[in-house]
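Worksheet for the structure shown next.
In our numbering, the protein residues as written are 24 to 202.
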């Protein structure tokens, strides 16, 4: 396993503690995810979403906002197909969440975020210093994209239960719903 200093390299001081808790712990819990939500500035919305018996209305808001982000993003004519393919992925993500398949949903979400980053930031999103760039624009936004770039860590951790995977997934969805 990577050491804490390796996991949080490039993260500004004010966010290191929660980043270390979420990304360096051998057994992540919903408590660490909630602390990270607080750092992202979405703790109230995140708590409401986690506590909700049904996420249908919340997922509808997420879907609408994500579609708006995709539609409003300017790309070259050659990038229009990417936008369309990204929009096509959203219903699959929602379906996986509704079927409570959080592992597959988190996998799909990670791929959606990678494409969304490309739409929003272009080739910069593929560069090694992308997270530092995003942190310079806005600390919480940088922290979100840093989280997005590390989702594979959770996909390879077989010890995470469904509730924790759900919490990690809803963290990102909550953030994007208000983006």
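All C-beta atoms, glycine included, are put in the ideal place defined by N, C-alpha and C.
Residue i - DSSP class collapsed to helix/strand/coil
| i | result |
| --- | --- |
| residue 159 | helix |
| residue 200 | helix |
| residue 91 | helix |
| residue 124 | coil |
| residue 168 | helix |
Beta-carbon contacts of residue i that lie in its chain and below 6 Å, excluding the five residues immediately before and after
| i | result |
| --- | --- |
| residue 29 | Reliability of the predicted coordinates at residue 29 is poor, the pLDDT of 43 falling under 50, and the value obtained from them is presented with this limitation in mind. Once the five neighbours on either side are set aside, residue 29 has no close Cβ partner at all. |
| residue 120 | 128 |
| residue 93 | 106, 109, 110 |
| residue 52 | none |
Identity of the residue in the options nearest residue i by Cα
| i | options | result |
| --- | --- | --- |
| residue 2 | 186, 61, 36, 85 | This structure cannot speak to residue 2, because the chain is shown only from 24 to 202. |
| residue 164 | 78, 98, 201 | 201 |
| residue 83 | 68, 114, 102, 56 | 114 |
| residue 62 | 161, 185, 145, 100 | 161 |
Contact under 8 Å by Cβ, residue i with residue j
| i | j | result |
| --- | --- | --- |
| residue 87 | residue 199 | no |
| residue 175 | residue 133 | yes |
| residue 147 | residue 154 | no |
| residue 126 | residue 193 | no |
| residue 136 | residue 96 | no |
| residue 191 | residue 56 | yes |
| residue 66 | residue 75 | no |
| residue 116 | residue 131 | yes |
Contact set for residue i: own chain, Cβ-Cβ below 8 Å, skip 5 residues either direction
| i | result |
| --- | --- |
| residue 80 | none |
Cutoff 7 Å; reference residue i; Cβ partners in own chain excluding five residues on either side
| i | result |
| --- | --- |
| residue 189 | 125 |
| residue 172 | 154 |
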